[in-house]
Amino acid sequence: MIIMSEILIALFFTLFVLQGKVHAYLDPGTGSYLYQLALAGLLGGTFVLSTFVKKIVQRFKKKRLPPIVHEHNDGQA
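Here's what the structure looks like:
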């Protein structure tokens with residue numbers, strides 16, 4: 020298993036660290052897509068966090084008892 024991890028490290032080093040200069044084209048639509056991903060992640064994270072906080076607050080919130088209703092009996096059947 021140690022040999023396999025050493026091979027993976029060497030492969031990673033070879034593929035990503037020893038790369039020469041690359042003249043790649045980045046599509047302008049990519050920036051818009053990354054913006055959408057960031058916004059979706061932010062909104063999704065906010066939703067998850069707010070749901071989590073609401074559950075915690077509900078757990079520790081005092082439970083209110085229903086109001087006591089007194090029935091008056093005036094001798095009528």
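For my numbering, add 19 to where a residue sits in the sequence shown, where the first one is 1.
Note that the Cβ used here is the ideal one computed from N, Cα and C, for glycine as well.
Within the model, the alpha-carbon separation for Lys82 versus Leu68 is close to 23 Å.
Cα atoms of Leu27 and Phe71: separation of roughly 39 Å, rounded to the nearest angstrom.
Distance from the CA atom of Pro86 to the CA atom of Leu62, rounded to whole angstroms, is 40 Å.
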